[in-house]
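Engineer: Counted the way the UniProt record's numbering counts, the sequence shown spans residues 1 to 683.
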Amino acid sequence: MTTDNPFFEPSDLPYQLPPFDRIEVEHYLPAFERGMEEQRAEVAAIVAEPAAPTFDNTLVALERSGRILQRTSAAFFTLTSSHTSDRLQEIEAEVVPRLSAHSDAIMLDAGLYSRINDLYARRDELGLDGEQAWLLERYRTEFVRAGAELTAEQHERLRAVNAELAGLATEFGNLVRDEMKARAVIVDDEAALDGLSSDAIAAAAVAGRDRGLDGKYALNLILPTGQPQLAALHDRDLRERLHNASVGRGVGGDNDTTGLVLRIVRLRAERARLLGYEHHAAYNISDNTARSVAAVEEMLAKVVPPAMANAAAEADDLQAVIGDDYTLQPWDWAYCTERLRRDRYAIDESELRPYFELERVLHDGVFYAAGQLYGLRFSERSDLSAYHQDARVFEVFDHDGSPLGLFIGDFFTRPSKRGGAWANALVAQSGLFGTSPIVCNNLNINRAPEGEPTLLTLDEVRTMFHEFGHALHTLFSAVQYPKFAGTRVPRDFVEYPSQVNEVWMLWPEVLEHYAHHHITGDRLPQEVIDRLHAAEQFNKGFSTVEYLAATLLDLAWHTLSVEEAEAVTDVMAFEADALERAGVATPLVPPRYRTPYFAHIFSGAAYSAGYYSYLWSEVLDADTVDWLTERGGLRRDSGDAFRDGLLAKGGSADSMDVYRAFRGRDPLIEPLLKRRGLLSDAA
């Protein structure tokens, strides 16, 4: 497993696709160990360099370091998200704290920081181009933020905190995944599933058999609070069971996460203080485009009151649909919303699905829009194997026919995959290494029974377009240094391009190209399309409030000082109080993620004090969609302008400077407020 380890040399496959057919689970740990050892030696050589620091012998050398580690990490963490196993989880639990310690050893290396600081002090004399200057700026900033200027005693404590946080995050993610499996709702009688589509019932039967429960049905949970089956199930008692299973995750039992939450929050608060910040939110947001907690709170303050008013009005409308039969409860909201949608707009989700067949959505929708806007072409490479038989590899060709990269689509749910949808790069684009990108999109769609087409919900179609926006951001990257490749931008900027890509799902020439009945071939009727557009603001109060509740909950946990964090002992009581203080406490609209299964913020640091990013990015997105609309929509010149002016730049410059250069001004919030029905036309 050591001498023939596939990670020790670059892959000889096209685009350096990892040779998954030759990679064994036991290759990973030796590759991590070799990778860390190699990078430590490379960093030591930089520090020991007798020549004075230069851009090349310090920063470029640092960018070149750690190639084995990078290859190993990209493949390993793709698997732990998309196709994990008990052994992979064991390795993850062992290696994540070691990776944290390895990172600290580099970021807290006094000799390395001295060289970087020397360059920074002479930055105006170095003759650097824009991307080089930004690389120096970012390295210096990241070293300071990592604690490079702290004392040796503080370094020791920081290392311990980081190592423990890394282990806790991994443990939290694994418990959330296990709890989703454990909380599946088992149904004995198919009659109770009345209202679900035939393929959804078939999927539940398969899920039951997978659990050894032949003849029974399992309703597996997805990560967010709202479970999609709630919109269709006629059995109100079953809806209540499913809702309670979802919101009760992580409290009590073998997979209780509340103790982990308290420890994570306390350690993050302590680390922020060590680094000179009031709390974790101040630390994280200061390096995002928002820059300050106050700026985020100012944006949210404009949205909370009208969103709550809209949600209250929607609740009244739903109660009117119910009449005197029963009082509206959270497990009724999605179901009654679908009834009201049918009554008000004659839109029935079950009648839409036959027009959204997965292959057609992918090829004639997602790929077609990218072809029309950017001139891309896609060719499936059945000769290339990814990490799972469901993960399909496509080669992407640019408008001039030149090869651009690989796209991997992994669309179906399975027990070994975590919940939700995401994009990640297996290989980053880089001029320094001459590498082209490989990007994966993961969704969690229920597979249709054998021989039948997989039909998507409208929300699944939107998710497919959204995640492909991340893929485009990665594929179009045109930077020199891998640090800046693709989506390596501030957290509150990364969702912006993907949200822009959602617009094409209902754009007329795209929709008419892919939305065909999978049996008759008939196009989705124009009158239905018109009703879809008319209903675009329908239920926006609910969707905005459930998102805001999660966002404000994230901020509540991460604006705690050390002393305040230590004082919290009851997670659920804190959650209830936080929602009340934020003005978003309503039992009818629970947070999109409640604290015990809020994996975005507790199974990693990426979205901690950063869940606001989706709304912050939507300000940019809505403003850009206005620009696209004004220019006539799906036009190649608009695509080229967006690609060259923004997507291609990745993180190679200040993101808001890039936006201003592209848009010609700062973003306006009004397009977002209007889109979500939070701003009247008159206003």
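All residues carry an ideal CB built from backbone N, CA and C; glycine is no exception. Note that the structure is a prediction, hence the values are computed from the model and not measured.
Let me know if residue 205 comes out buried or exposed under the rule of 16 or more other beta-carbons within 10 Å of its beta-carbon.
Structural biologist: buried
Engineer: Please classify residue 687 as buried or exposed, where buried requires at least 16 other C-beta atoms within 10 Å of its C-beta.
Structural biologist: This structure cannot settle anything about residue 687, because the visible part of the chain is limited to 1 through 683.
Engineer: Note down, one range per segment and in chain order, each alpha helix (DSSP H) of at least 4 residues found wholly within the stretch 502-533.
Structural biologist: 508-514
Engineer: With H, G and I counted as helix, E and B as strand and the rest as coil, what does DSSP make of residue 282?
Structural biologist: In the structure shown, the three-state DSSP call for residue 282 is helix.
Engineer: Kindly confirm or deny that the stretch 577-597 and the stretch 621-629 touch, where touching means at least three C-beta pairs closer than 8 Å.
Structural biologist: no
Engineer: Determine the extent of the alpha helix (DSSP H) in which residue 325 is found, giving its start and end residues.
Structural biologist: Looking at the DSSP string, residue 325 is not in any alpha helix (DSSP H), and its letter there is neither H nor E.
Engineer: Quick one: residues in its chain with C-beta nearer than 7 Å to the C-beta of residue 647, no 5 flanking neighbours on either side, listed in chain order?
Structural biologist: 472, 473, 476 and 497
Engineer: Nearest-angstrom Cα distance between residue 309 and residue 199?
Structural biologist: Spanning the two alpha carbons is a distance of roughly 37 Å.
Engineer: Whose C-alpha, out of 49, 338 and 94, is nearest the C-alpha of residue 170?
Structural biologist: 94
Engineer: Apart from the five residues just before and just after residue 192, which ones in its own chain have a Cβ nearer than 7 Å to its Cβ?
Structural biologist: For residue 192, where only same-chain residues beyond five positions count, the Cβ hits under 7 Å are 235 and 238.
Engineer: Buried or exposed for residue 601, please, with buried defined as at least 16 other CB atoms from any protein chain shown within 10 angstroms of its CB.
Structural biologist: buried
Engineer: Along the chain, where does the alpha helix (DSSP H) that runs through residue 412 open and close?
Structural biologist: Unbroken run through residue 412 is the beta strand (DSSP E), 403-412; no alpha helix (DSSP H).
Engineer: Shortest alpha-carbon distance to residue 86 belongs to which of 174, 413, 490 and 481?
Structural biologist: 174
Engineer: If you check the beta carbons only, do residue 246 and residue 221 fall under 7 Å apart?
Structural biologist: Inclusion of residue 246 and residue 221 in the CB contact set at 7 Å is warranted, their separation being smaller than that value.
Engineer: Apply the 10 Å Cβ neighbour rule to residue 664 and answer buried if 16 or more other Cβ atoms are within range, or exposed otherwise.
Structural biologist: exposed
Engineer: Can you list, in chain order, the residues of its chain whose CB lies under 7 Å from that of residue 564, leaving out five sequence neighbours each side?
Structural biologist: none
Engineer: May I have the straight-line CA-CA distance separating residue 567 from residue 331, to the nearest angstrom?
Structural biologist: Pairing residue 567 with residue 331, the inter-Cα distance amounts to about 33 Å.
Engineer: Starting from the C-beta of residue 671, find all residues in its chain whose C-beta is less than 6 Å away, skip the five residues before and the five after it, and write them out in chain order.
Structural biologist: 622, 623 and 626
Engineer: Any chance you could list the beta strand (DSSP E) runs of at least 3 consecutive residues sitting entirely within the stretch 357-398, in chain order?
Structural biologist: Segments of the beta strand (DSSP E) lying fully in the stretch 357-398: 377-380 and 392-397.
Engineer: Does the Cβ of residue 681 have 16 or more other Cβ atoms within 10 Å, making it buried, or fewer, making it exposed?
Structural biologist: Residue confidence for residue 681 is low, a pLDDT of 44 falling below 50, so the modelled location carries little weight and cannot support an answer.
Engineer: For residue 441, report the span of its alpha helix (DSSP H) as first-last.
Structural biologist: Premise fails: residue 441 lies in the beta strand (DSSP E), 438-445, not in any alpha helix (DSSP H).
Engineer: Going straight from the alpha carbon of residue 353 to that of residue 449, what length do you get?
Structural biologist: 15 Å
Engineer: State the Cα-Cα distance for the pair residue 632 and residue 669, rounded to the nearest angstrom.
Structural biologist: 22 Å
Engineer: Roughly how many angstroms separate the alpha carbons of residue 494 and residue 607, rounded to a whole number?
Structural biologist: In a straight line, the C-alpha of residue 494 is about 11 Å away from that of residue 607.
Engineer: Does the count of Cβ pairs from the stretch 440-447 and the stretch 463-471 closer than 8 Å reach three?
Structural biologist: yes
Engineer: Under the DSSP definition of a beta bridge, which residues are partnered with residue 481?
Structural biologist: None, per the DSSP bridge assignment.
Engineer: Could you work out which residue in 226, 455, 378 and 387 is closest to residue 406 when comparing CA atoms only?
Structural biologist: 378
Engineer: Between the Cα of residue 195 and those of 536, 168 and 230, spot the shortest distance and give me the residue it belongs to.
Structural biologist: 230
Engineer: Considering only residues of the same chain and omitting the five flanking positions on each side of residue 430, which have a CB-CB separation below 8 Å?
Structural biologist: 479, 480, 481, 482 and 485
Engineer: Taking the straight line between their C-alpha atoms, what separation do you get for residue 577 and residue 552?
Structural biologist: Residue 577 and residue 552: Cα-Cα distance of roughly 11 Å.
Engineer: In chain order, what residues of the same chain lie with their CB nearer than 6 Å to the CB of residue 619, ignoring the 5 residues before and after it?
Structural biologist: Excluding positions up to five away in sequence, the list reads 667, 669 and 672.
Engineer: Please classify residue 432 as buried or exposed, where buried requires at least 16 other C-beta atoms within 10 Å of its C-beta.
Structural biologist: exposed
Engineer: If you draw a straight line from the alpha carbon of residue 233 to that of residue 454, how long is it in whole angstroms?
Structural biologist: 20 Å
Engineer: Please determine, among 271, 300 and 5, the residue with the shortest C-alpha to C-alpha distance to residue 69.
Structural biologist: 5
Engineer: Using the C-alpha atoms, what's the distance from residue 106 back to residue 48?
Structural biologist: 14 Å
Engineer: Measuring CA to CA, which of 104, 408, 186 and 152 is closest to residue 698?
Structural biologist: This structure cannot settle anything about residue 698, because the visible part of the chain is limited to 1 through 683.
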